[in-house]
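Worksheet: one structure, shown below.
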Amino acid sequence: MDRTHYADALTDMRDTALIVAGIAIALGLLIASLVARSIVRPIRVAVDAMRDIAAGEGDLTRRLEEHGRNEVAELAGAFNQFAEKVRRLVSEVAGSTTQVAAAAEEMSAITDEFNRDVAQQRHEIEQVATAMNEMTATVQDVARNAAQAAESAQLADREAQQGQQLVHQTVSSIGASRPR
């Protein structure tokens, strides 16, 4: 084997090694890209789901896929548990809100009824006060009339006594002027 042939063989081996290395690098990059996508894609899905919930527009019934026993599957499982707890909490709060709204409506109805009752009682009290004022005026009139009647009775009694005295005087005068 001569030197040129040896140099050509080395060049061919070098070219083959470069081609194999290039293919190996390309295959490595392809595999690395696929592995990165298989890891990054579920993480991005989890991040997007968390952003939706944080923004207040998330679907709390949405669940992430849990495949395998790696960190991404653990993250998905933890997210699913978190989402379920938040969903239950929101459901309980919504139920409590409904109960509070119902209680507020009931309290409003009771307050309205109470206000109507108070207004009716105020009206009835005003009527009682008016009646009492009228009764007081009537009692005063009766008392005034009774006083006038008593005064008139006393006057009539005095005049009756005076009349009786006059009758006695008249009888006495008639009896004294009669011959005996």
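First residue of the sequence shown: 1, per the numbering used here; consecutive thereafter. Ideal Cβ placement from N, Cα and C applies to all residues, glycine included. Remember, predicted model here, so these are calculated numbers, not experimental data.
Beta-carbon spacing of residue 181, residue 79 below 8 Å: Only positions 1 to 180 of the chain appear in the structure, and residue 181 is not among them; the question remains open.
Please tell me whether residue 73 and residue 66 are closer than 8 Å, where the distance is taken between their beta carbons. By one-based count along the sequence shown, residue 73 stands at place 73. By one-based count along the sequence shown, residue 66 stands at place 66. Yes, Cβ-Cβ distance for residue 73 and residue 66 is below 8 Å.
Could you please give the first and the last residue of the uninterrupted alpha helix (DSSP H) stretch that includes residue 144? Mapped onto the sequence shown, residue 144 falls at position 144. Element bounds for residue 144: 71 to 177.
Using three-state DSSP, classify residue 61 as helix, strand or coil. Counted from its first residue, the sequence shown places residue 61 at position 61. Correct three-state label for residue 61: coil.
Where residue 67 falls: helix, strand or coil (DSSP): Within the sequence shown, the letter at position 67 stands for residue 67. Coil, per DSSP.
Quick check on DSSP: helix, strand or coil for residue 2? In the sequence shown, counting from the first residue as 1, residue 2 sits at position 2. Looking at residue 2 - three-state DSSP - the assignment turns out to be coil, as it is neither helix nor strand.
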